[in-house]
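Residue 85 in numbering that gives the first Met the number 0 sits at position 86 of the sequence shown, with consecutive numbering throughout. Notes to accompany the following structure.
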Amino acid sequence: MKKLIVFTRRSSLLRRPVPSRVFFPYVLCSRALENAGLSVSYSYDTTRMPKADIAAVEGKLFYRKPIEETIRFLARLRSEYQGIHWFDNRDSAGNTQFEVLPHIDAYWKGQYYKDLSNYDKSFIHNRMHSDFFVRHYDLGEQIYEQDKELRAFEDEREKLKLSWNFGFGNFLEWGSLRETIQIYLLKCAPTPAFIDAGIPREIDIHCRFGIGTEPVYSRHRIHFKRIIEKMDLVTSGESIVPRAQFLDEIRRSKIVVSPFGWGELCYRDFEAVLNGACLVKPTVDHIKTWPDIFRAEETYVSVRWDLADLAQTIRDLLNDDKRRLAIVDAGQAELRELFSARGLIDFSLGHASKMLQSGGQHTNPKVTAHR
């Protein structure tokens with residue numbers, strides 16, 4: 000049995016400390032991972048080095064901190080552990096932390112560009128979609144810090160690995176006592192509910208998303224809303240509502256539109272599919288991600304980034320129930336497979352194997368001594 004220590008931000012569930020949501024799959028699959036030979040524990044204190052064989056680090060632990068501080072921490076990890084895994088949980092495929100590559104064994108990211116040469120290009124705000132929006136909406140000069148290009152670390156690019164996106168997240172009863180007991184104490188894995196797409200749905204379009212104050216994405220989202228407002232359809236409201244009402248509205252909606260934010264993907268994408276609504280969002284065919292419910296015309300419906308086809312796309316879907324339901328069913332099938340008993344075991348076996356392989360490249364006397 001190998002021990003993995005995860006350095007993560009501290010979240011809270013019923014006053015119980017739990018790891019950041021990026022590591023929810025570890026919590027959900029804790030028993031299966033142990034059966035695969037990997038025991039996982041968590042640390043919320045970067046000043047202490049708990050005994051373990053391998054270390055994993057949440058990238059947002061060092062958000063906006065000097066790179067020198069990050070490198071010093073990774074050097075300490077190198078002296079204590081056989082393998083170091085960095086989990087880049089920034090919102091976008093474009094926003095990266097490649098400067099850590101020489102100091103780690105694997106760089107995990109939930110979505111990245113299919114064409115890795117895009118990481119050698121200069122995009123406004125380090126994102127392809129933000130670059131497009133700034134130019135398309137003529138937003139003027141932008142102030143931002145350019146990320147490091149991947150070609151600066153040419154010998155390290157094989158360390159880039161695909162982890163998981165929001166789809167492998169907690170879609171259960173957030174904060175409930177039952178969930179806390181099941182997952183964090185009994186270590187069993189309840190799965191999210193799937194709502195039949197074919198039930199009666201009186202709302203045509205669910206479009207309850209914030210505009211925000213950030214100019215790049217607020218313009219994109221305002222554009223979304225203005226197009227929908229002109230269509231004379233039954234829509235959800237737009238203001239913030241309690242989560243229970245938000246999900247109830249999705250269950251009564253035929254279509255959920257999901258604009259970009261800082262990232263290309265969001266929880267709304269998966270909440271739509273789980274609750275039986277057809278997902279419509281700007282195309283994401285430029286990124287690789289998993290779970291993959293982003294196969295255009297198969298598991299979601301894509302629209303252009305300039306939204307020129309949004310209105311017609313919505314009309315076509317509302318006029319073709321068979322097509323709309325088939326797309327939802329295909330998306331649900333993808334998530335059903337993931338959250339099945341076999342799916343969780345397959346994930347655990349595969350991920351544990353990759354972690355152990357990447358973690359065996361270094362030998363440290365301290366690690367060998369305390370086994």
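Every residue, glycine too, gets a C-beta built ideally from N, C-alpha and C. Here the structure is a predicted model, which means the values were calculated and not measured.
Just the Cα atoms here: how many angstroms apart are residue i and residue j?
| i | j | result |
| --- | --- | --- |
| D52 | A92 | 29 Å |
| R63 | R89 | 12 Å |
| I142 | F122 | 12 Å |
| R250 | I194 | 7 Å |
| K147 | G58 | 15 Å |
| R254 | L159 | In the sequence as displayed, the identity of residue 254 is Ile instead of Arg. If you take the alpha carbons of I254 and L159, they lie about 35 Å apart. |
| D268 | G168 | 12 Å |
| S352 | G36 | 9 Å |
| L100 | F293 | 28 Å |
| E201 | W304 | 28 Å |
| I4 | A54 | 5 Å |
| R341 | C28 | 11 Å |
| D130 | R75 | 37 Å |
I believe residue i touches residue j by the beta-carbon criterion, under 8 Å. Please report the beta-carbon distance rounded to the nearest angstrom.
| i | j | result |
| --- | --- | --- |
| F6 | T45 | 6 Å |
| K1 | L343 | Contact doesn't hold; Cβ gap of about 19 Å is too wide. |
| G166 | L348 | Contact doesn't hold; Cβ gap of about 19 Å is too wide. |
| F72 | L149 | In fact, because the Cβ distance is near 22 Å, the residues do not count as touching under 8 Å. |
| H205 | E248 | 6 Å |
My output table needs one value for residue i: the three-state DSSP class, helix, strand or coil.
| i | result |
| --- | --- |
| T282 | coil |
| K387 | The structure shown has nothing for residue 387, since the chain only spans 0 to 370. |
| G209 | coil |
| T234 | strand |
| A54 | strand |
| L73 | helix |
| D247 | helix |
| S19 | coil |
| Y43 | coil |
| I83 | strand |
| V302 | strand |
| L37 | strand |
| K2 | strand |
| T362 | Low per-residue confidence applies at T362: pLDDT is 44, beneath 50, and the placement is therefore not dependable enough to give any value. |
| I180 | helix |
| A151 | helix |
| D195 | coil |
| D320 | helix |
Can you tell me which residues form a DSSP beta bridge with residue i?
| i | result |
| --- | --- |
| K287 | Y111 |
| C277 | I254 |
| K160 | W107 |
| R372 | For the chain, the structure presents residues 0 to 370; residue 372 sits outside this window and is missing. |
| A295 | Y299 |
| query | Should the segment 122–137 be regarded as contacting the segment 290–303, the criterion being three or more beta carbon pairs within less than 8 Å? | reply | Output reads no: the segment 290–303 does not touch the segment 122–137.
Counting pairs of Cβ atoms below 8 Å between the segment 254–261 and the segment 213–226, do you hit three or more? A contact between stretches requires three or more CB pairs, one per stretch, nearer than 8 Å, and the segment 254–261 meets this requirement with the segment 213–226.
How about the segment 93–111 and the segment 273–290: do they share at least three Cβ pairs that are nearer than 8 Å?
In short, these stretches touch, since the Cβ pair count reaches three.
Whether or not the segment 201–220 and the segment 131–142 are in contact is what I'm after, with contact meaning three or more pairs of Cβ atoms, one per stretch, closer than 8 Å; do they touch? Below 8 Å, enough C-beta pairs join the segment 131–142 and the segment 201–220 to call them touching: three or more.
Pairs of beta-carbons, one from the segment 237–252 and one from the segment 272–280, closer than 8 Å: are there three or more?
Under the three-pair Cβ rule at 8 Å, the segment 237–252 counts as touching the segment 272–280.
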